[in-house]
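Structure record follows, encoded as structure tokens.
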Amino acid sequence: MPRNIVIFILFFFFTGCAIKESIKDSRCCPKLFEDEDRYIMSALYFRQIGAYKDSAKLFHTLYDKTKRVEYKLEEIKNYMIIKEYEKAKNNALRVLKKYPNNEKILRLLAMIYLHAKDLKSAKEYILKAIKISKDPQDYEFLASIYIMEKKYNEALKYLQSSYAIKPNDKT
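Mapping the sequence shown onto my numbering, position 21 (from 1) lands on 877, and the numbers just tick up by one.
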């Protein structure tokens, strides 16, 4: 009887080890400074409670310490939420110089200019984003600008382009 128990335990031990997959590190990026996670959590908490300026400041600090563009994008979004479009625009233009082909920055700039009623600049930046990513939502965004300008044929052209990329049953 004890012999069967030993064989049973050994069997499960070896089969358990044989099929065990190595645990992979699920983090996307290594931490670049000690308190990076704390800063991220604080910035997200401030955003959640509506303290957008505090959140923007923390994302600014995160960007300064890491140079990760994602943090600058979050800072810009916070300024847009509190309608500080000039500050958002200046930050976006500055970071665009470092990352000229980042479609997320281009989209944010297009949105900032749209809020400022500068439709020409909004079109300029969304067209640059379209050249890079061919995202159907960018085509729809551009179409909405043309609709605002009452250029319906142009709008239709871009809506058709969006639909050609990703057909949508709801349209």
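We put the CB at the ideal spot given by N, CA and C, even for glycine.
Quick caveat, the model's predicted, so the values are computed rather than measured.
Tell whether a beta-carbon distance below 8 Å holds between A966 and F997. yes
Burial state of L970, where buried means 16 or more other Cβ atoms lie within 10 Å: buried
Near S977, which residues of its chain fall below 6 Å by C-beta distance, leaving aside the five closest residues on each side in sequence? Y969
Roughly how many angstroms lie between the CA atoms of K913 and L962, to the nearest whole one? 22 Å
At a cut-off of 7 Å, is Y1002 close to the ligand HEM when judged by its beta-carbon and the heavy atoms of the ligand? In the structure shown, the ligand HEM is absent, as is every other ligand, since no ligand is present at all.
Rounded C-alpha distance that separates Y908 from L964: 17 Å
Going by DSSP in three states, N957 sits in which element: helix, strand or coil? coil
Can the beta-carbon of Y919 be found less than 8 Å from the beta-carbon of Y927? yes
Taking only the alpha-carbon atoms, compute the straight-line gap between I905 and Y941 and give it to the nearest angstrom. 21 Å
Between the Cα of G1011 and the Cα atoms of T917, K979, L952, N957, which residue gives the shortest distance? With the sequence shown as reference, residue 1011 is identified as Ala, and Gly is not the correct amino acid for it. When only C-alpha atoms are compared, the closest one is K979.
From N1009, K1007, Y995, pick the residue whose C-alpha is nearest to that of K1022; which is it? Y995
Which listed residue (F902, Y1014, I896, K960) has its alpha carbon closest to that of I850: Any answer about residue 850 is impossible in this case: the structure gives the chain only from 857 up to 1027.
Looking at the structure shown, is E877 part of a helix, part of a strand, or coil, going by DSSP? Bear in mind that the predicted position of E877 carries a pLDDT of just 47, short of 50, making it unreliable; the figure below should be weighed with that in mind. Coil, per DSSP.
Start and end of the alpha helix (DSSP H) containing K987? 975 to 989
Report yes if the C-beta distance between V925 and N957 is below 8 Å; otherwise report no. no
CA-CA distance, S898 and F889? 15 Å
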